[in-house]
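Participant:
Residue numbers (this note's numbering), protein chains in the order written: chain A, 468 to 744; chain B, 680 to 952.
1. Return no unless some Cβ of chain A is closer than 7 angstroms to the Cβ of residue 870 of chain B.
2. Are the segment 744 to 762 of chain B and the segment 893 to 901 of chain B in contact at 8 angstroms, needing three or more beta carbon pairs?
3. Mapping DSSP to helix, strand and coil, what is residue 742 of chain A?
4. What residues are listed by DSSP as bridge partners for residue 709 of chain B?
5. Once the 5 residues before and after residue 534 of chain A are set aside, which same chain residues still bring their CB inside 7 angstroms of it?
6. Do residue 737 of chain B and residue 823 of chain B have their C-beta atoms closer together than 7 angstroms?
7. Using a beta-carbon distance below 7 angstroms, is residue 889 of chain B in contact with chain A?
8. Taking a Cβ distance cut-off of 7 angstroms, strictly less, list which residues of the segment 584 to 599 of chain A are near chain B, in chain order.
9. Beta carbon of residue 581 of chain A, beta carbon of residue 618 of chain A: below 7 angstroms?
10. I want to know whether the segment 694 to 701 of chain B touches the segment 917 to 924 of chain B - three or more CB-CB distances under 8 angstroms.
11. Give the secondary structure of residue 481 of chain A by DSSP, where H, G and I count as helix, E and B as strand, and everything else as coil.
12. Along chain A, which residues have their Cβ under 7 angstroms away from the Cβ of residue 927 of chain B?
13. Whole angstroms are fine: how far does the CA of residue 815 of chain B sit from the CA of residue 808 of chain B?
14. Check whether the Cβ of residue 688 of chain B lies closer than 7 angstroms to any Cβ atom in chain A.
15. Within 7 angstroms (strictly less), CB to CB, does residue 715 of chain A reach chain B?
16. At what residue ranges does the segment 622 to 660 of chain A contain a whole run of the alpha helix (DSSP H), taking only runs of 4 or more?
17. Quick one: does residue 544 of chain A have its CB under 7 angstroms from some CB of chain B?
18. Please classify residue 715 of chain B as buried or exposed, where buried requires at least 16 neighbouring CB atoms within 10 angstroms.
19. Kindly list, in the order they appear in chain A, the residues whose Cβ is closer than 9 angstroms to that of residue 892 of chain B.
20. Could you check which residue in B/811, B/742, B/685 has the C-alpha nearest to that of residue 573 of chain A?
21. So the alpha helix (DSSP H) residue 693 of chain A belongs to, where does it begin and stop?
22. Fully enclosed by the segment 781 to 867 of chain B, which alpha helix (DSSP H) runs are 4 residues long or longer?
23. Quick check on residue 574 of chain A - is its C-beta less than 7 angstroms from some C-beta in chain B?
24. Where does residue 907 of chain B fall in DSSP's three states?
25. For residue 925 of chain B, name the three-state secondary structure that DSSP assigns.
26. If you count every other CB in all the chains shown that lies within 10 Å of the CB of residue 683 of chain A, and 16 or more means buried, which is it?
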C-alpha cells in the first residue's frame with residue numbers, strides 16, 4: 468500500500484515536470500508580451516511583469532495589420548474547410564461504397580500526396596499562378612489549401628463511412644432513396660462526428676499553413692496571420708520583441724481556445740487513427 | 680482538382696529539373712546540367728547531412744519522450760489519478776500552435792539577450808552563457824530541441840491511443856506472476872505497441888523531412904547554413920538565387936524521399952491487415 472502511494476506521488480511529480488516543460492516557453496512569451504520594453508532588457512529578467520499591461524496588445528491592434536491578418540486567416544480557413552468538405556464528402560462516399568477502376572491506385576496516390584511536402588507543388592504553381600493572374604490572390608491560395616487538405620480528409624471520411632454498416636444503405640434504398648438522398652439524408656447525419664473532426668483538423672492546419680502563402684503571396688494586406696508574425700520576426704529588430712510576442716500570443720489564442728473546447732474530438736480521431744494504422 | 684494541383688505540378692518539377700531554367704529568364708534549354716551541378720556541389724552533401732541529423736535525432740527523441748509521457752499518463756489513468764486530462768491537454772497544445780509561432784517562442788526562450796530566460800538560468804548555475812542560436816555548432820541542436828518540443832505531442836497521442844488498446848488482463852496476469860513494473864513495460868507494453876511505434880516512426884520521419892516554417896522563424900537556416908535543411912535549401916535555391924532548375928532537382932530528391940517512406944508505410948499497413 469505504501470509503495471502504491473509512493474508510485475502515485477512519483478507520477479504526480481512527473482506530471483508537474485512535464486507540464487512545466489511544455490508550459491514554460493509559452494508562459495515566458497506571455498510574460499514578455501505583457502512587459503514594457505525597458506523591463507524586457509533589464510537584468511536579471513523577471514518571471515512576471517511588474518505591472519500587467521495590455522499596452523503591447525493595444526499597440527499591435529492600433530498600429531499594425533494584425534486584425535487584417537487574422538481576418539484573412541479566418542476567411543481563408545473558412546473557405547478551405549467549406550471547399551474541402553464539398554469535394555471530400557462525395558469523394559469519400561464513392562471510395563467507401565462503390566467499386567470502380569483504379570480505386571486502389573487512386574487511394575494510394577492520395578496517400579502519397581498527403582505525405583508530400585507542399586513546397587514541391589508550390590514551385591511550379593508559383594510560375595503558373597503568375598501566368599494566369601492567381602498569384603497574390605486569396606482565391607489562388609484557397610485552391611491550393613483545399614488541394615492540400617483533400618487527401619487526408621478523404622481518408623478520414625472514408626473511414627467514417629466505412630464504419631456505417633451497408634445494411635443501412637439497403638434499408639434506405641428500399642425506402643426509395645437515391646444515392647444523393649442516401650448520402651445527404653442518411654449518411655451525413657450519421658458521420659457527423661467524423662465531419663466535425665475533419666473541420667477541426669482542416670481549420671487548425673489552414674490556420675498554421677505557412678509555406679504556401681509565403682511563396683504565393685506578396686501583398687502585406689493579404690497575409691494570413693502566420694505570415695504576418697513571420698514578418699514581424701524577420702523585419703523586427705530587438706526593439707519590437709515585445710510586439711512580436713504579443714502578436715504571437717494573440718494569434719495563438721483562437722487555436723488554443725478551439726482546441727480546448729474540441730479536444731475530445733481531436734484526441735479520439737488521433738487515437739482511432741493509431742489503431743487503424 | 681488533384682490532377683491540376685498535384686500531378687501536373689509534380690510533372691512540371693521533373694521537367695524543370697532537366698533544364699537550366701531561372702525564375703528571371705524566359706529562355707532555357709534542356710539537359711542534365713542541373714543534376715550535375717547539384718550532385719557535385721559539396722554544399723549539397725553538407726545540407727543532406729544536416730537534414731539527416733535533424734530528422735533522425737528529432738524522430739528518436741520524439742518517440743522516446745512521446746512514449747514516456749504516454750506511459751505515464753496511461754499509468755495515471757489506470758490508477759484513477761486526477762490531472763491526467765490536464766497534462767494531456769498541455770502537451771497537445773504545443774502541437775496546435777502554428778510552426779512559425781513555435782519558432783518565435785523558442786527564439787525568445789533561447790536568446791542570448793537579457794530576455795533569453797534559459798540562458799539566465801544557465802548563467803546562475805554555471806556562470807556562462809550558451810549561444811544556442813548564434814553558434815554554428817549548436818544551432819542545429821537548438822532547432823532539434825524546439826522541433827522535439829513541438830512534435831512530442833503527436834507521438835504521445837498516437838502511442839497513447841495504442842496503449843489504450845492493450846488489455847488490462849495482460850497486466851493483471853503479469854502481476855499475479857509477480858512481474859515488476861519495468862518487466863511489464865518491456866515485456867508487455869513495448870511488444871504490444873510495436874506496430875504503433877513503427878507507424879509513428881514513419882509518420883514523424885516524413886513530417887520532419889518536410890519541416891519548414893518552424894526553422895524559418897527560429898534560425899532562418901543560419902547561422903551560415905548550419906540549420907539549412909532540405910526544404911529551406913529548396914526555397915533558397917529557387918526564390919533566393921532564382922535557380923528554378925537546380926531547386927527543382929532538390930525538390931525531385933525530396934519527392935523521392937517522401938515517396939519511398941510512403942511506400943514503406945503502405946506496405947507495412949497492408950501486411951498488418
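We put the CB at the ideal spot given by N, CA and C, even for glycine. These numbers were taken from a predicted model, which means no experiment stands behind them.
Facilitator: On the basis of the data shown:
1. no
2. no
3. With a pLDDT of 44 at residue 742 of chain A, under the threshold of 50, the predicted position of this residue should be treated as unreliable, though the coordinate-derived value follows. Residue 742 of chain A falls in the helix class under three-state DSSP.
4. B/698
5. 528
6. yes
7. yes
8. 584, 586, 587, 588, 590, 591, 592
9. yes
10. yes
11. helix
12. 590
13. 15 angstroms
14. yes
15. yes
16. 633 to 641
17. no
18. exposed
19. 675, 676, 677, 678, 681, 693, 697
20. B/685
21. 692 to 702
22. 796 to 805, 818 to 843, 847 to 855, 860 to 863
23. no
24. coil
25. helix
26. buried
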